[in-house]
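In order, the protein sequence lines correspond to chains A and B. To convert, count from 1 in the first sequence and add 1237; that's this note's numbering. To convert, count from 1 in the second sequence and add 1237; that's this note's numbering. C-beta atoms are modelled at their ideal positions from N, C-alpha and C, and glycine is treated no differently. Written out below as structure tokens is the structure these notes cover.
Number of protein chains: 2
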Amino acid sequence: MEKDKNVVADACSDKDGSSNENTSISFTDLSTFVLKRILSENSQKKTIIAEGSFSDQEGTAILFLEKTPFNEELLKCLCSTESTLEEQLCNDIYRFYTCNPELKYGGFKATIIFPATEKHVKKYEIQPLHLIEETSKLYYEVTLPHITSESFNIQWVYNILTHQQEQESIVFEDPDPNLGFVLVPDLKWDKNQVSNLYLLAIIHRHNIKSLRDLTDEHLPLLKNIQEKGSLLSDSTFYLANLVSCDMFCQEE
Amino acid sequence: MEKDKNVVADACSDKDGSSNENTSISFTDLSTFVLKRILSENSQKKTIIAEGSFSDQEGTAILFLEKTPFNEELLKCLCSTESTLEEQLCNDIYRFYTCNPELKYGGFKATIIFPATEKHVKKYEIQPLHLIEETSKLYYEVTLPHITSESFNIQWVYNILTHQQEQESIVFEDPDPNLGFVLVPDLKWDKNQVSNLYLLAIIHRHNIKSLRDLTDEHLPLLKNIQEKGSLLSDSTFYLANLVSCDMFCQEE
């Protein structure tokens, strides 16, 4: 992956929360990570999220580790004498082992958010969930002021829209300023299993902060995303239909 | 783990579906596994289940691979120069890597069911789910005949109750033939994270096939499980309360 650090630094310079210097930091291992606390862990999904810092850097860091999914190809690779089994238990026809795969098949996904703000820490911290039915009144009195004042810096979105980052990831782009969008793989997707396909459409139009901002004026935009997204899922990923099309508008 | 194969073979000899010979098979790797088809995969839970056979054995085999969960201790072990990061993407303060851990930290859990029956294959094959409210009439006309005729061989349960297998896994036993039970870690539990604690209480009484068989006569049995289970979860696992107590009666 090619990266022009200077271009990125320039693009970031007028946005809050992003520092020019930090864009040039890179990590080759986690030996300098100092754990402060575990924010959450999920044994079902095989994820863990930690708050910490790097001993040679100022600022908070969030480290997100996730095991990668299996697929048929990986399973076939594991069926070799290199991936050893260590018996844990055998009872009747049931046998349980620890499998020690070849080094290259045991890897997982690591996400580092650095420098992270207090908002990032809160976002990943385990907290009670509440289901709230948002009335129009609630939206204008509570949600909108919250979105306006508390939203995350979305520099990463502008980096994609202006081709300054993830250019090689772009699956499709319609450059029309009104109806256009950029389609990129979401980072939740492992880019391998089509059964798990997850693409993100980022629209070129600004100022749509929430579903509440959508009017019939935006129907051509929504239809454009649906039509071109479906065509693409068919031609590129061999799916008969775009399985579902969710909308996320509020800035994270 | 000690195992006396002969004792197991003797215990299995009068049960259907278990063969004396098969209890002595052991696997050290998966190189002889011949994949027939994928029965299901779950990218969220990082599991894959395959039907196949072993090239040097007769019979169907089910292979179930599951990545193991993270915990704080593992996270700390990964923070070393031995676990290398390979950058996949960097956008603003977000950085995504493939993490290649030291070999010993990349392992996962492998379950082999061999020889597997057609019922095992069906159990693990992906299939549409239905929610059915079972009336008493439905139970006696449909469910009970199904349980009676189609249930799995539960030799593994008798192996635990008679101390012929998993003896070293028993967390607690009340030997009373009426009120007693054996408490063992469920194989869904990784035996590490208390947050994910999952114990299985297997009662010494036979002939309770379903919740439908329970009457007020069984209340002392249920209370005994709840009380002793709670005491144990407190003293052994340092939990204030047994978090929940689910009941599974129908044979798998």
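At a beta-carbon threshold of 8 Å, the residues of chain B lying near THR1321(A) are THR1265 and ASP1266, ordered along the chain. At a Cβ-Cβ threshold of 8 Å, ASN1328(B) and GLN1402(A) count as neighbours. Taking a contact to require three or more Cβ pairs closer than 8 Å, the segment 1324 to 1340 of chain B and the segment 1271 to 1280 of chain B do not qualify as touching.
Residue range 1331 to 1337 is occupied by the beta strand (DSSP E) that includes CYS1336(B). Judged by DSSP secondary structure, VAL1394(B) falls outside any beta strand (DSSP E) and instead within the alpha helix (DSSP H) spanning 1392 to 1398. Comparing alpha carbon positions, the residue from ALA1287(B), LYS1283(B) and LYS1282(B) closest to LEU1267(B) is ALA1287(B). If the five residues before and after ILE1349(B) are omitted, its C-beta is found closer than 8 Å to the C-beta atoms of PHE1264, ALA1298, ILE1299, LEU1300 and PHE1301, all from its own chain and listed in chain order. Listed along chain B is no residue with a C-beta nearer than 7 Å to that of ASP1293(A); the closest approach is about 13 Å. For the C-beta of THR1297(B), not a single chain A residue is nearer than 7 Å; the gap to the nearest is close to 11 Å.
About 5 Å separates the beta carbon of LYS1304(A) from that of LYS1283(B), a gap short enough to meet the 8 Å contact definition.
Chain A places a beta carbon closer than 8 Å to that of LYS1313(B), counting this residue as a contact.
For THR1348(B), the chain A residues whose C-beta falls within less than 9 Å of its own C-beta are TYR1331, ARG1332, PHE1333 and TYR1334, listed in chain order. The CB of ILE1439(A) never comes closer than 7 Å to any CB in chain B; the least such distance is about 12 Å. Beta-bridge analysis with DSSP links ASP1266(A) to THR1321(B). Around LYS1304(B), the beta-carbon contacts reaching into chain A at under 7 Å are LYS1283 and LYS1304.
DSSP places ARG1442(B) in the coil class of the three-state scheme, outside both helix and strand.
Three or more pairs of CB atoms, one per stretch, sit closer than 8 Å, so the segment 1414 to 1425 of chain A contacts the segment 1437 to 1448 of chain A. In terms of CA proximity to SER1280(B), PHE1307(A) leads the group ASN1279(A), GLN1281(A), PHE1291(A) and PHE1307(A). Within 7 Å of the CB of PRO1365(B), no CB atom of chain A is found; the nearest one sits about 16 Å away. Looking at the backbone, the Cα of VAL1431(A) and that of LEU1456(B) are separated by about 50 Å. Around the C-beta of PRO1352(A), 16 or more other C-beta atoms lie within 10 Å, and the residue is accordingly described as buried. With respect to the 8 Å criterion, PHE1270(B) and GLY1296(B) are not classified as neighbours on the basis of their beta carbons.
The three-state reading of DSSP puts PHE1291(B) in strand, counting E and B together.
Contact between GLU1371(A) and THR1380(A) is confirmed by a C-beta separation of about 6 Å, below the 8 Å threshold. Nearest Cα to PHE1474(B) within the set PHE1409(B), GLU1324(B), ILE1384(B) and LEU1424(B): PHE1409(B). Straight through space, the alpha carbons of HIS1383(A) and ASP1411(B) are spaced by roughly 57 Å.
Here ILE1397(B) is buried: its Cβ has 16 or more other Cβ atoms, across all protein chains shown, within 10 Å. Contact annotation, LEU1315(A) with TYR1342(A): C-beta distance approximately 6 Å; criterion of less than 8 Å satisfied. Taking a Cβ-Cβ threshold of 8 Å, none of the residues of chain A is close to SER1373(B); the smallest such distance is about 33 Å. Here DSSP, grouped into helix, strand and coil, assigns LYS1346(B) to strand.
DSSP places ASP1411(B) in the strand class (E or B) of the three-state scheme. Between ASN1390(B) and the set LEU1458(B), LYS1356(B) and LYS1374(B), the nearest pair of CA atoms involves LYS1356(B).
Within 9 Å of the CB of SER1388(B), no CB atom of chain A is found; the nearest one sits about 14 Å away.
Bridge pairing for PHE1418(A): ASP1411(A) and ILE1440(A) [DSSP]. A distance of 8 Å or more separates the beta carbons of ILE1445(B) and LEU1436(B). Straight-line spacing of the CA atoms in LEU1424(B) and ILE1262(A) works out to 43 Å.
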